[in-house]
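Chemist:
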Amino acid sequence: MEKFWSYVEVLGRVLLISIFVMSGLQKLGDIQGNMAYVTSGGLPGFMLFPAIAIELFASLAVLLGWKTRIAALFLALFCLVSGLLFHGNTFPDNAMATLLDQIHLMKNIALTGAFLFLAGRGAGPISLDSRNKA
34 MEKFWSYVEV LGRVLLISIF VMSGLQKLGD IQGNMAYVTS GGLPGFMLFP
84 AIAIELFASL AVLLGWKTRI AALFLALFCL VSGLLFHGNT FPDNAMATLL
134 DQIHLMKNIA LTGAFLFLAG RGAGPISLDS RNKA
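Under our numbering, the first residue of the sequence shown is numbered 34, with each subsequent residue one higher.
So this is what it looks like as structure tokens:
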């Protein structure tokens, strides 16, 4: 039964990082448009590049279970900061935007919690981190 839970942990890591891999690749496909979006959150446009790096490289680390705790902390911080900057607006022009922003903010907060949990527990036995302990 313990082997089963090890595979569940791997599946959890895959599902958890999938949104960040897709988002990072999408950002690479439209650099100019995404730089404009980053500036709409009050950041300089060049901050898109660290965002892409965190999304892709930290996700790869979590997937492989390599330096998982550090990568998960980076992703937790990324989720929290991006959620507050880009979805923390509770007073937009229309009610639908308010609802969507609240949903996206809560999604980011939930992902922050998931990554903090992963940072606290580690990647599990099927990971490069686990191999390095042996």
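Backbone N, C-alpha and C fix where the C-beta goes; we use that ideal spot for every residue, glycine too.
Once the 5 residues before and after Pro158 are set aside, which same chain residues still bring their CB inside 7 Å of it?
Modeler: The residue you call residue 158 lines up with position 125 of the sequence shown. Ser39.
Chemist: Give me the Cα-Cα distance between Gly121 and His137, rounded to the nearest whole angstrom.
Modeler: As a working note, residue 121 is residue 88 in the sequence shown. As a working note, residue 137 is residue 104 in the sequence shown. Their Cα atoms are separated by approximately 9 Å.
Chemist: Skipping 5 residues on each side, what residues in its chain have a beta carbon closer than 6 Å to that of Val71?
Modeler: Position 38 of the sequence shown, counting from 1, holds the residue named residue 71. Here the set comprises Gly78, Met80 and Leu81.
Chemist: In three-state terms, what does DSSP make of Ile103?
Modeler: On the sequence shown, position 70 is the one that residue 103 refers to. Ile103: helix per DSSP, three-state reduction.
Chemist: Please confirm whether any heavy atom of the ligand MG lies closer than 7 Å to the CB of Gly45.
Modeler: For the structure depicted, the ligand MG is absent and the ligand set is empty, with no information on it obtainable.
Chemist: Would you decide whether Leu132 is buried or exposed? Buried here means 16 or more other CB atoms lie within 10 Å of its CB.
Modeler: Indexing the sequence shown from 1 puts residue 132 at position 99. By the 10 Å Cβ count, Leu132 comes out exposed.
Chemist: Can the beta-carbon of Ala143 be found closer than 8 Å to that of Ala105?
Modeler: Within the sequence shown, numbered from 1, the residue matching residue 143 stands at position 110. Within the sequence shown, numbered from 1, the residue matching residue 105 stands at position 72. Taking 8 Å as the Cβ cut-off, Ala143 and Ala105 do not qualify as a contacting pair.
Chemist: Since Ala109 and Phe148 should fall inside the 8 Å C-beta cutoff, what is the C-beta to C-beta distance between them, to a whole number of angstroms?
Modeler: Your numbering for residue 109 matches position 76 in the sequence shown. Your numbering for residue 148 matches position 115 in the sequence shown. Sure, about 4 Å apart at Cβ, within 8 Å.
Chemist: Return the CA-CA distance between Ser115 and Ser92, expressed in angstroms with no decimal places.
Modeler: Indexing the sequence shown from 1 puts residue 115 at position 82. Indexing the sequence shown from 1 puts residue 92 at position 59. Their backbone Cα atoms lie some 16 Å apart in a straight line.
Chemist: Using the Cα positions of Lys100 and Gln65, report the straight-line distance between them to the nearest angstrom.
Modeler: Looking up residue 100 in the sequence shown gives position 67. Looking up residue 65 in the sequence shown gives position 32. About 32 Å.
Chemist: Whole angstroms is fine: what's the gap from Arg154's alpha carbon to Arg102's?
Modeler: Within the sequence shown, numbered from 1, the residue matching residue 154 stands at position 121. Within the sequence shown, numbered from 1, the residue matching residue 102 stands at position 69. Rounded to whole angstroms, Arg154 to Arg102 spans 8 Å at the Cα level.
Chemist: Tell me the rounded alpha-carbon separation between Glu35 and Ile50.
Modeler: The count along the sequence shown starts at 1 and reaches residue 35 at position 2. The count along the sequence shown starts at 1 and reaches residue 50 at position 17. Looking at the two C-alpha atoms, the distance is approximately 23 Å.
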